[in-house]
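Just so you know, we're using numbering that gives the first Met the number 0 here: the sequence shown kicks off at 0 and counts up by one.
Backbone N, C-alpha and C define an ideal beta-carbon position, used for all residues, glycine too.
Report on one structure; see the data block that follows.
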Amino acid sequence: MPVCPNKYVSSLVAYVPGEQPRGSGFIKLNTNENPYPPSPSVTKALSEIGKDGMHLNKYPDPWANELRKKYAEIINFSDTSIIVGNGSDEILRMIFEAFATEGDTLVVADPTYVLYETLASMFGCKTVRYPLSTEDFTLPEAFYGAEGKILILPNPNPPYGICYGLETLERIAAAKPERLVVFDEAYIDFTENPRGALDLALRYDNVMVTRTFSKGWSLAGGRIGFACMNPALFESMAKVKDSYNVNKMSQVAASAALDSAEAQRENNGRIVALRSEIAEQLRKRGFTMPPSNGNFVFARGNNAPELYRQLKEHKVLVRWFDTPLLRDGLRITIGTTEEMRVFLEKLDLCLASM
Ligand SMILES: Cc1ncc(COP(=O)(O)O)c(C=O)c1O
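Below is the structure:
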């Protein structure tokens with residue numbers, strides 16, 4: 000008899016991350032990574048590993064104190080109410096471990112980041128999805144006061160990249176004080192309001208803000224995420240955190256990345272400017288797009304699955320989601336200027352052959 004998995008795991012549809020290409024020469028526009036490498040300060044700091052006091056035979060700091068203090072100063076938040084995670088995906092899992100009980104309801108927008116629903120299923124929770132307006136992508140009225148234990152809204156919300164204003168976020172936070180509201184700010188560094196909802200996390204006991212270094216800080220490979228919250232939420236999160244959840248190399252890399260914040264902002268500015276140009280070029284080719292505030296656009300039209308397939312043959316990877324709401328579009332990460340030039344060139348070849 001095979002060993003029987005947990006009853007929720009046996010029926011779980013596992014989350015499928017974006018494809019990692021085999022072989023070289025691919026232009027990778029499918030997982031919303033930052034196309035620019037981290038600053039030289041990161042490489043330099045990593046080269047110190049193995050030198051005085053930086054050996055890997057000792058465990059890392061369980062709380063990543065140096066890193067969270069530095070980050071707290073930059074975002075003007077209390078460092079003792081920040082948890083550092085092995086990417087924000089780990090933080091999201093901790094949220095379910097700390098706050099979800101079997102039978103609880105998760106409230107999400109539709110479409111949104113798929114992992115939330117996967118996590119809910121793993122913990123025996125059901126998910127209620129609230130479809131965005133197909134006209135202007137606003138959240139439906141019922142979303143604000145939706146019944147549920149946890150509500151998660153990424154802001155900007157992939158794959159469209161819609162960013163909701165602080166008034167909207169505050170309405171959600173205030174509607175039900177007993178409901179945990181998580182604003183996932185993975186893409187906040189590409190918006191006009193990089194402070195995001197941090198002040199709501201300071202003012203509302205039920206609000207948590209999550210961040211990642213995978214997008215706006217060029218450290219997807221370093222796996223660094225943050226959760227910012229009030230002390231009461233922190234206490235529960237701290238109880239479920241693995242002792243040494245963030246390895247020493249990632250702590251060192253992320254801390255060094257913070258020393259080059261200005262250079263990183265310049266890179267992100269380039270991505271934002273290119274996002275507008277690419278959107279314009281795609282519109283000229285007949286695509287339609289919601290207004291994105293992330294480092295990606297979601298382009299509808301022109302037989303998306305076939306385009307996805309043909310672009311891949313040309314070694315350009317974009318993301319195609321085979322779900323009813325999304326299968327007529329492609330999510331395209333904004334790369335470097337040169338990568339996007341090649342993308343458009345290959346796109347035109349594909350369009351001409353269809
Ligand atoms: C909305 C959102 N949240 C979280 C993540 C995961 O980020 P991390 O790399 O920090 O785990 C992603 C990754 O694409 C995302 O799109």
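Taking a cut-off of 8 Å on C-beta distances, the segment 72-86 does not touch the segment 97-111, as fewer than three cross pairs fall below it.
Judged by DSSP secondary structure, A278 falls outside any beta strand (DSSP E) and instead within the alpha helix (DSSP H) spanning A260 to K283. Take F342, set aside five residues on each side of it, and the residues of its chain with a beta-carbon closer than 6 Å to its own are V315, in chain order.
A direct Cα-Cα distance of roughly 45 Å separates P37 from P1. By DSSP's assignment, A298 forms a beta bridge with L329.
The Cβ atoms of K247 and P59 lie closer than 9 Å to each other. For ligand 1, the residues with a Cβ under 6 Å from any of its heavy atoms are, in chain order, N31, G86, S87, D88, Y112, P153, P157, D183, A185, T211, S213, A219 and G224.
Taken through DSSP and simplified to helix, strand or coil, Y129 comes out as strand.
Here the C-alpha atom of D198 lies approximately 27 Å from the C-alpha atom of P289. Within the same chain, Cβ atoms closer than 7 Å to the Cβ of S120 are found at Y7 and L11, the five residues on either side in sequence being excluded.
DSSP places I48 outside both helix and strand once states are collapsed to three, so it counts as coil.
In this structure N205 is in contact with P176, their Cβ atoms being roughly 5 Å apart against a cut-off of 8 Å.
In this structure, the alpha-carbon of S254 lies about 7 Å from that of K69. Of the other Cβ atoms in all chains shown, 16 or more fall within 10 Å of the Cβ of L281; this residue is therefore buried. T336: member of the alpha helix (DSSP H) spanning T336 to S352, first to last residue.
N244 and I277 have their C-alpha atoms some 38 Å from each other. The C-alpha of I187 lies about 13 Å from the C-alpha of N33.
DSSP places D88 inside the alpha helix (DSSP H), whose first and last residues are S87 to F98.
By the neighbour-count criterion, in which a residue is buried when 16 or more other Cβ atoms sit within 10 angstroms of its Cβ, M236 is buried. In the structure shown, K148 adopts coil according to DSSP, grouped into three states. In this structure the segment 292-311 does not lie against the segment 130-137, because fewer than three pairs of beta carbons, one per stretch, are closer than 8 Å. The residues T117, in chain order, have a CB closer than 8 Å to that of A13 in the same chain once the five nearest residues on each side in sequence are set aside. Straight across, the Cα-Cα distance linking S242 with K311 is about 41 Å.
P153 counts as buried, since at least 16 other C-beta atoms from the protein chains shown sit within 10 angstroms of its C-beta.
Rounded to the nearest angstrom, the Cβ distance from F233 to G215 is 24 Å, too far for a contact under 8 Å.
Sequence-distant Cβ neighbours of S213 in its own chain, meaning closer than 6 Å and more than five residues away, are A219. Leaving aside the five residues that flank G17 on each side, the residues in its chain whose CB is nearer than 6 Å to its CB run, in chain order, N29, T30 and R318.
N156 has its alpha-carbon roughly 21 Å from the corresponding atom of K125. Distances from the CA of Q250 to each of Y35, N5 and I48 were compared; the closest alpha carbon is that of I48. Taking a C-beta distance under 9 Å as the contact criterion, L179 and K148 qualify as a contact pair.
Annotated three-state conformation of A108 is strand, per DSSP.
Shortest Cα-Cα distance from T332 to any of A298, T287 and A174 involves A298. Around the C-beta of M353, fewer than 16 other C-beta atoms lie within 10 Å, and the residue is accordingly described as exposed.
Taking C-alpha positions only, Q309 is separated from N229 by approximately 48 Å.
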